[in-house]
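Everything on this sheet refers to the single structure shown next.
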Amino acid sequence: MLKATPAVIRRAVFDRSMSTVDLFQNLLCRRNFVTSGRRLFLCEAAKHSTKRIEKLSIDNRMASQKHVMAKRVEGHVESVWVEFGRMAAENQAVNLGQGFPDFFPPSFVTESIKDVANSSNPFSYQYTRGYGNPRLVKAVAELYTKLMGRPVDLYKEILITCGAYESLFCAHQGLVNPGDEVIIIEPFFDCYEPMIKVCGGVPVAVPLRPTKNGKNGSVLTSEDWKLDVDELSSKFNKKTKAIIVNNPNNPLGKVFSLEELQMISELCIKHNVICISDEVYEWLVYKPKQHIRIATLPGMWDRTVTIGSAGKTFSVTGWKTGWSIGPQHLINAMCMIHQNSVYTCITPIQEAVANCFEHELKRMDTPQGYWNELPAELLPKRDMMAAFLAEVGMVPTIPEGGYFMLADISNIDFKEDPTSSEMRDSQFVKWLTKNKKLATIPTSVFYMDEHKHLAKNLVRFCFIKEDSTLEKAAGILREWKKSSSS
Ligand code: PMP
Ligand code: GLN
């Protein structure tokens, strides 16, 4: 029989398996539970509830401190692809923003995945080799042995990754220590800066600067954007661990010349710096320009990781397959990150990419080879875009490579908010997307804070789109121009 002594009541009240209300009812039902006991119980229960509420709020506070993001991601925000991709979709805009084709890849690519789907090999459904499917690394080794002019070891000098993004990630995580400086050339593909910072590295930006203004009808090309040799040299010091070279460059479309690459490589060698060479647009170079791989310059193989992407190479951005090629000591560091994060990329897609490489290796030196056909197919799109942008008063920079075009909007009037702290390019892109249903990408996102002002009047347009899509975009801009001048 329960004696309602203070100790018993306290023990009962503190019994966490019963809620206060249940306990109350339970005890009140007992016949020997005297009035004084009842009072004591109520009093204890009330005290306990207060204590529990206090404790809960302390727990909550502690929990909320634990639930915040890790320090290494503090200050990181949604990327431009998330924000502006969403805006394009919400506004059902004609999308010349994010870089992807709006048409099918060639039939050898669509067939390659059908072949995998029809495969009689049960292992094409299972894990494949962690650092790269054997068939794919074999094909990649064969191609890059040709391109690099040296044998590339398929098992030690190649890592297959989930897109070029993961190659960039593994390169940073595997090679950059806290406090290391990494030089990036502006405008740069936006993820470089957060990837460096997440490792505790310090991004050091050097801008390419236009040497002409493209005004008064003169044509401005990405070749007119140059690095200042003294400015670049001044950024190399004892703490410099790496430089990222994006050639051809996104968003500018610059294809670095031999002299420019030699200048960069001399600095790398002098300061014993690694080169992370993002060459995802290697096949998108417009004649007469030629793509030169920095890893092929004297003294560079041993310090360079060259990054490629099936997304660009075969026009399948959704396949998210990339690769890193370089000396064993650098690739091995990246493999250590890959094996403990992704472990292995998906087998059927690697098989399909291997099919594509095997197909193209046979005809790469013919005009029908996809890597010769693709830039030839894109050239008229590029020129068409340059013409319609100029027609509405923008000043395009003709790219030598890639599938993006920068346009200067200094002459363009729109409803901007001069009191806003938001960059003019970003305000323009939002206004154009929402009001004219044409989506593009602001260029200041490709600069670090200290240099964003250099891009305040630059907008990036993507031209790997159906002619009909480009026509629609041109129509929107022409219509707007007509209505604003009448
Ligand atoms: N580098 C650059 C310069 C890019 O433009 C992109 C975007 N495709 C990537 C890397 C990432 O490529 P992937 O889609 O293969 O991850
Ligand atoms: N590389 C593409 C671009 O620059 C896509 C990037 C992305 O989606 N993250 O538009």
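Counting in the working numbering, the sequence shown runs from 183 upward without gaps.
Don't be surprised by glycine CBs; every beta carbon is placed ideally from N, CA and C.
Check	Outcome
Under 7 Å between C-beta atoms of M445 and V487	no
According to DSSP, residues forming a beta bridge with W505	I342 and G490
Sequence-distant residues of the same chain with beta carbon closer than 6 Å to V437, five excluded per side	P430, V467, K471, E582 and G583
Close beta carbons around L659, own chain, < 6 Å, minus the five adjacent residues each side	V574
For I591, three-class secondary structure by DSSP	coil
For L350 and M330, believed in contact at Cβ under 8 Å, the rounded distance	That pair is no contact at about 20 Å.
Beta-ladder partner(s) of N315, from DSSP	DSSP lists no partner for N315.
Cβ-heavy atom distance, Q280 to ligand 2, below 6 Å	yes
For S602, the three-state DSSP class (helix, strand or coil)	coil
Inter-residue spacing [alpha-carbon to alpha-carbon] between V577 and E461	27 Å
N432 CB to nearest heavy atom of ligand 2 below 6 Å	yes
Beta bridge counterpart(s) of V386 as assigned by DSSP	I365
Simplified DSSP state of R243, which is helix, strand or coil	helix
Cβ contact check for the region 636 to 649 and the region 582 to 596: 3 or more pairs under 8 Å	yes
Status (buried if at least 16 other CB within 10 Å, exposed otherwise) for Q532	buried
T526 versus R545, G504, K544 and H541, residue with shortest Cα-Cα distance	G504
Where N157 sits in the DSSP three-state scheme	Because the chain in this structure spans residues 183 to 668, residue 157 falls outside the shown range and cannot be described.
Ligand 3 heavy atom lying under 6 Å from the CB of W263	Although ligand 3 was asked about, the structure shown includes only ligand 1 and ligand 2 as ligands.
Validate contact between the region 496 to 511 and the region 280 to 292 using beta carbons, cut 8 Å, 3 pairs	yes
Selection from M482, M567, G267 and N593 that minimises the alpha carbon distance to E448	M482
The region 535 to 550 in contact with the region 289 to 304 per 3-pair CB rule at 8 Å	yes
Endpoints, beta strand (DSSP E) assigned at P578	V577 to I580
Cβ-based neighbour list, V322, same chain, cut-off 6 Å, excluding 5 preceding and 5 following	I340 and W505
Pick from G361, G435 and F628 that is closest to K420, judged by C-alpha positions	G361
Other residues of its chain near K664: CB distance less than 7 Å, five sequence neighbours each side excluded	none
Local conformation of C211 per DSSP, three classes	Its pLDDT being 47, under 50, C211 is placed unreliably by the model, and nothing is read from it.
Runs of alpha helix (DSSP H) wholly within the region 527 to 578 (minimum 4 residues, chain order)	529 to 543 and 552 to 573
Rounded straight-line distance, which links the Cα of K237 to that of D204	Low per-residue confidence applies at D204: pLDDT is 48, beneath 50, and the placement is therefore not dependable enough to give any value.
Sequence-distant residues of the same chain with beta carbon closer than 7 Å to N315, five excluded per side	I342, T529, Q532, E533 and A536
I513, enclosing beta strand (DSSP E) - first and last residue	Run containing I513: none in the beta strand (DSSP E); it sits in the alpha helix (DSSP H), Q510 to Q521.
Stretch pair the region 252 to 261 + the region 617 to 626: three plus CB contacts closer than 8 Å	no
Other residues of its chain near Y309: CB distance less than 6 Å, five sequence neighbours each side excluded	T526
Alpha carbon of A477 to alpha carbon of N522, nearest angstrom	27 Å
Through-space distance from I458 to A515, alpha-carbon basis	13 Å
One or two residues paired with G583 in a DSSP bridge	V467
F643 - partner residues in DSSP beta bridges	M587
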